[in-house]
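> Pasting a structure below so you can have a look.
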Amino acid sequence: MVIKTAEFVKSSGKWQECPEGTMPEYAFIGRSNVGKSSLINAMLNRKDLAKTSGTPGKTQLINHFIINESWYLTDLPGYGYAKVSKVMRRDFEKLINNYILNRNNLVNLFVLIDSRHTPQKIDLEFIQWCGESGVPFSIVFTKADKLKPNIAIKNVEDYKVELHKTWEDLPEIYVTSAEKKTGTDEILSFIQKTNEFLANNSVTFNE
Ligand code: GTP
Ligand code: MG
-10 MVIKTAEFVK SSGKWQECPE GTMPEYAFIG RSNVGKSSLI NAMLNRKDLA
40 KTSGTPGKTQ LINHFIINES WYLTDLPGYG YAKVSKVMRR DFEKLINNYI
90 LNRNNLVNLF VLIDSRHTPQ KIDLEFIQWC GESGVPFSIV FTKADKLKPN
140 IAIKNVEDYK VELHKTWEDL PEIYVTSAEK KTGTDEILSF IQKTNEFLAN
190 NSVTFNE
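As structure tokens, this is what we get:
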């Protein structure tokens, strides 16, 4: 997909405040610091459209972008950020969960996972919640440039084994690096195909 335009629309602190949901929407979620904002910038070929930071907890609101004037891309706050109070963490969780469950035009959620780590409880629990809630999602491994290819492959395989303990069918899996811009074309072509499918089947979204 060629990115002709990518515009920031707004940041929202509540799902009710999000922009009108009449276009297909794709959202990025994952632990704080996993690389959501960086991957969005890499995909869109824009340096600093989504704000990134070495300090976890940078994205604290729901950020909407309109791409090619036809679909939304959404940068969500990270879950499981340890350095905020329990109350704040619960508020973030509520914000994220309410958005995911109430956003009618949300076509797919990309759940980002740091490819450097062994399967983490917090990510497995989030994936479990998505599956149980009927949320359509894909898994995106990030920061693949930070480790040797064979280790990245092993970590992804370990994850699959873990997920197969609960699920027979696994979602689409992408391995990416925002740094090297790998895996981003695959995500964009999935989005393009999905948008074409929706258009060909006259799927529309109402508020
Ligand atoms: P929050 O908004 O705080 O939840 O974080 P985030 O998930 O949006 O992460 P962000 O994109 O801000 O990246 C966090 C840190 O990881 C930054 O220092 C990035 O430069 C770094 N980073 C992100 N993606 C990659 C990658 O693919 N490779 C490498 N080497 N570093 C990355
Ligand atoms: Mg961010």
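Mapping the sequence shown onto our numbering, position 12 (from 1) lands on 1, and the numbers just tick up by one.
All C-beta atoms in this analysis are idealised placements derived from N, C-alpha and C, irrespective of residue type, glycine included.
This one's a predicted model, so the numbers in the text were calculated from it and none came from an experiment.
#1: So if DSSP puts H53 in a beta bridge, which residue, or which two residues, is it bridged to?
#2: Give me the Cα-Cα distance between V124 and E82, rounded to the nearest whole angstrom.
#3: Rounding to the nearest angstrom, what Cα-Cα distance links S74 and S191 in this structure?
#4: Would you list the residues sitting across from S127 in a DSSP beta bridge?
#5: Could you tell me whether any non-hydrogen atom of ligand 1 is closer than 7 Å to the CB of S1?
#6: Y88 lies in the alpha helix (DSSP H); which residues open and close that run?
#7: Following the continuous beta strand (DSSP E) through G19, name the residue where it begins and the one where it ends.
#8: Roughly how many whole angstroms lie between the Cα atoms of K132 and P66?
#9: If I'm right that Y15 touches F99 with Cβ under 8 Å, what's the distance once you round it to whole angstroms?
#10: Where does N94 land, buried or exposed, given buried means 16+ other C-beta within 10 angstroms?
The relevant details are as follows:
#1: Answer is K(-1), T63, bridged to H53.
#2: Using only the alpha carbons, I get a separation of about 16 Å.
#3: Cα to Cα, the separation comes out at about 45 Å.
#4: According to DSSP, which records beta bridges pairwise, S127 is partnered with F99.
#5: In this structure, ligand 1 has no non-hydrogen atom nearer than 7 Å to the beta-carbon of S1.
#6: Taken as a continuous stretch (DSSP letters only), the alpha helix (DSSP H) holding Y88 covers 75 to 91.
#7: Segment 14 to 19, the beta strand (DSSP E) holding G19.
#8: Looking at the two C-alpha atoms, the distance is approximately 18 Å.
#9: Contact holds; Cβ gap of about 7 Å.
#10: Buried is the call here.
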